[in-house]
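Single-structure report; data block below.
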Amino acid sequence: MEDKKNIQNRSNFLLKKYHFRKNVINYIYQAELFGTNLNTAEIVNNKLNKVSESEIKTLEIIENKYKTIENIAKKFLLETWDWERISPLIRAILIFGIYELTYNNPKVVINEMINITKILSPKDDYKFVNKILDKISKQIINK
C-alpha cells in the first residue's frame, strides 16, 4: 500500500500537471480569441503573467509548430466544419492536445483534454474534442 506521503506527492504532481495544462491552454486561447499569433516572448514580458520555465518551453514549441498543428486539426474536421467556426477555447484545447499527443500517452492526453473541456466549457464540446483527438491519435500518432 502506498503511504500517505506517496499519495500526497502523487496528488501534488497531478494538480501541478493540471494547472500547467490549463495555463498553457489559456495562453493559446488568448491568441485564438483575439486572432493574433501566439507570441511567447510577449506572454513572458507581460508583468501580469507568471509563466513557469516548463510553460515557456512548451509555448515556444507550440508557437514554432502552430501552423503545422493547426493544419493537422483541420485535416480531421468534417467537411462541413470550418476551423474558424469552432470556438477559440476548443481550438486552443485541440492545439494543445495535438501537441501533447506527440509527447505523452494518447489515452492520458485525451482524457485530460476531455476533463479540461468539461470544466471550461459548459456544453458537450468534450465529445467533439474526444472525437478529433482520438482520430488524430489513431491515424497519425500510433502509426
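Numbered according to UniProt numbering, the sequence shown spans residues 1 to 143.
C-beta: ideal position from N, C-alpha, C; glycine also.
Cα atoms of residue 38 and residue 3: separation of roughly 43 Å, rounded to the nearest angstrom. Assigned with DSSP and collapsed to three states, residue 103 falls in coil, not helix or strand. Collapsing the DSSP output to three states places residue 122 in coil.
Membership of residue 42 in the alpha helix (DSSP H) is indicated by the continuous run 40 to 45.
Counting the other CB atoms within 10 Å of its CB gives residue 136 a total of 16 or more, which places it among the buried residues. Excluding residues up to 5 positions away in sequence, nothing lies with its Cβ nearer than 7 Å to the Cβ of residue 53 in the same chain. Residue 140 and residue 96 do not touch by the CB rule: their CB atoms are close to 16 Å apart, not below 8 Å.
When 62, 81, 91 and 132 are compared, the shortest CA-CA separation from residue 103 is found for 62.
Residue 40 and residue 60 do touch by the CB rule: their CB atoms are close to 5 Å apart, below 8 Å.
Looking only at 90, 109 and 27, the smallest Cα-Cα distance to residue 122 is reached by 90.
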